[in-house]
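Enquirer: With our numbering applied, the sequence shown covers 10 to 351. Before I ask anything, let me first share the structure, which is written out below as structure tokens.
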Amino acid sequence: LKVFNNFNKHIQLNNNNEISSNRWKTAITSLILAISINIQPTIAADTAKVGFCLLQSCQKELAQCILNPRCLANVICLNTCNGKSTTDEAACQVRCGDLFENDVVGVFNTCAVTQKKCVPRKYTPELYPLPSSNAVVKSFNTDIWNGRWYISAGLNKAFDIFDCQVHFFTSPSPGKVFAKLFWRINEPDKEFFTKNAIQKFIQDKNQPGHLYNHDNEYLHYDDDWYILDYEKDNFVLVYYRGSNDAWDGYGGSFLYTRSPSLDPKLIPRLTKAVENAKIPYKWSDYTLTDNTCKKQDYNPTVLREEFAKRLLITEELQLQEELTSLRTNTVNTIVKEEKDLE
10 LKVFNNFNKH
20 IQLNNNNEIS
30 SNRWKTAITS
40 LILAISINIQ
50 PTIAADTAKV
60 GFCLLQSCQK
70 ELAQCILNPR
80 CLANVICLNT
90 CNGKSTTDEA
100 ACQVRCGDLF
110 ENDVVGVFNT
120 CAVTQKKCVP
130 RKYTPELYPL
140 PSSNAVVKSF
150 NTDIWNGRWY
160 ISAGLNKAFD
170 IFDCQVHFFT
180 SPSPGKVFAK
190 LFWRINEPDK
200 EFFTKNAIQK
210 FIQDKNQPGH
220 LYNHDNEYLH
230 YDDDWYILDY
240 EKDNFVLVYY
250 RGSNDAWDGY
260 GGSFLYTRSP
270 SLDPKLIPRL
280 TKAVENAKIP
290 YKWSDYTLTD
300 NTCKKQDYNP
310 TVLREEFAKR
320 LLITEELQLQ
330 EELTSLRTNT
340 VNTIVKEEKD
350 LE
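Laid out in structure tokens, this is it:
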């Protein structure tokens, strides 16, 4: 009770925020209670531990998150991922981040995942094992990256398969590469917005076909790229593995091409390259992407805010029904306990 009271103080300090008080009540209840109603007991228990840790150790960050529509929508979205398989749950969680990520979400994640470790870390090395060393190219000149590249096919739907993936590379010196990445996030109602990021890769001196992006501040993520095949000014086939404070063992693969779409003539060569890597995937598991980059007539920021509001309203209605059921069950339990005491 003391923990809830302290959390309530953080909310009251921000009571001039545009979000209504019943919204934060909806969110915190959704965190602690709602997800335990219709899911497996073990998952509910784990979620309760996460919720208690957040209330005890990240009160300020949680309060700020709940008062921010997009961060609140992200929390509610994450709750819908519980109970799925490991890969589907991870994809769902990444999807929530893609839709609602902002600075407030970043601060909340840093506290919950990195600093206080409220969220258990996933460990799935078997999903994306190291490729066979014999399958990684023996030589690779980083100058090849200079200019524009498209991701025309991807393996992991959580990280690799997006529309309009246009990336710009520069290699200012041998063994060093900078990349400006652009990709589109499609929302369930077919609207979309564009995201971007800048990454830096260093070439492994002992394995030229290995490029790594390590020692990042946010969630301490590390990514390792392995070049399985390439042809200058035509294509580069990348397989990657990564880890961060939330997940050790994510990964995937994608095909870079100079043209927006894949030349079908490359498929036999790509099929052989993936097979030689001795990973639990085939070229037929890859999905082609749409790089036509169609224009949008609406402001993407406004669309994202509207989508977040729609999610909040839907979740709030569902939560009201769940809490009614929970209240009834709780009353029945109390009545039974009183009779037992008599």
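The beta-carbon is built from N, C-alpha and C at its ideal position, and this holds for glycine as well. Since the model is a prediction, treat every value here as computed from it, not as a measurement.
At which residue ranges does the region 208-295 contain complete beta strand (DSSP E) runs of 3 or more residues, listed in the order of the chain?
Expert: Listed in chain order, the complete beta strand (DSSP E) runs (minimum 3 residues) inside the region 208-295 are 216-222, 231-240, 244-252, 256-266.
Enquirer: Quick one: what does DSSP say Arg130 is sitting in, helix, strand or coil?
Expert: Position 121 of the sequence shown, counting from 1, holds the residue named residue 130. DSSP places Arg130 in coil when its eight states are reduced to three.
Enquirer: For the pair the region 235-247 and the region 110-123, tell me if three or more CB-CB distances fall below 8 Å.
Expert: Result no; under three Cβ-Cβ pairs closer than 8 Å.
Enquirer: Since Asp112 is in the alpha helix (DSSP H), which residue starts that stretch and which ends it?
Expert: In the sequence shown, counting from the first residue as 1, residue 112 sits at position 103. Residues 112-118.
Enquirer: Please classify Ile207 as buried or exposed, where buried requires at least 16 other C-beta atoms within 10 Å of its C-beta.
Expert: In the sequence shown, the residue the question calls residue 207 occupies position 198. Classification for Ile207: exposed.
Enquirer: Cα separation between Tyr221 and Ser66?
Expert: Along the sequence shown, one-based indexing puts residue 221 at 212. Along the sequence shown, one-based indexing puts residue 66 at 57. Approximately 33 Å, taken between the alpha carbons.
Enquirer: With a 10 Å radius around its C-beta and 16 neighbouring C-beta atoms as the bar for buried, classify Ser29 as buried or exposed.
Expert: Along the sequence shown, read from residue 1 onward, the residue named residue 29 stands at position 20. Since pLDDT at Ser29 reaches only 47, below the 50 mark, its modelled position is unreliable, and no value is offered.
Enquirer: Alpha helix (DSSP H) containing Lys69: first to last residue?
Expert: Here the question's residue 69 lines up with position 60 in the sequence shown. Taken as a continuous stretch (DSSP letters only), the alpha helix (DSSP H) holding Lys69 covers 68-75.
Enquirer: Just the Cα atoms here: how many angstroms apart are Asn150 and Thr298?
Expert: In the sequence shown, residue 150 corresponds to position 141, counting from 1. In the sequence shown, residue 298 corresponds to position 289, counting from 1. Computed Cα separation, rounded: 26 Å.
Enquirer: Which one or two residues does DSSP pair with Trp158 in a beta bridge?
Expert: Walking along the sequence shown from the start, residue 158 turns up at place 149. Paired residue(s): His176.
Enquirer: Look at the alpha carbon of Trp292 and the alpha carbon of Ile153, and state the distance between them as a whole number of angstroms.
Expert: Here residue 292 corresponds to residue number 283 of the sequence shown, with the count starting at 1. Here residue 153 corresponds to residue number 144 of the sequence shown, with the count starting at 1. Looking at the two C-alpha atoms, the distance is approximately 23 Å.
Enquirer: Quick check on DSSP: helix, strand or coil for Ser141?
Expert: Here residue 141 refers to the residue found at position 132 of the sequence shown. Ser141: coil per DSSP, three-state reduction.
Enquirer: Please classify Glu284 as buried or exposed, where buried requires at least 16 other C-beta atoms within 10 Å of its C-beta.
Expert: Indexing the sequence shown from 1 puts residue 284 at position 275. Exposed.
Enquirer: Go ahead and pull the three-state DSSP assignment for Leu297.
Expert: As a first step, residue 297 must be located in the sequence shown, where it is residue number 288. Three-state result, Leu297: strand.
Enquirer: Between the C-alpha atoms of Ala100 and Tyr159, what's the straight-line distance to the nearest angstrom?
Expert: Locating residue 100 in the sequence shown gives position 91, counting from the first residue. Locating residue 159 in the sequence shown gives position 150, counting from the first residue. Each residue's Cα considered, the two are about 22 Å apart.
Enquirer: How about Lys166 and Phe187: are their beta carbons less than 8 Å apart?
Expert: Locating residue 166 in the sequence shown gives position 157, counting from the first residue. Locating residue 187 in the sequence shown gives position 178, counting from the first residue. No, Cβ-Cβ distance for Lys166 and Phe187 is not below 8 Å.
Enquirer: Since Val186 sits in a beta bridge, which residues does DSSP pair it with?
Expert: Working through the sequence shown from its first residue, we reach residue 186 at position 177. Phe210.
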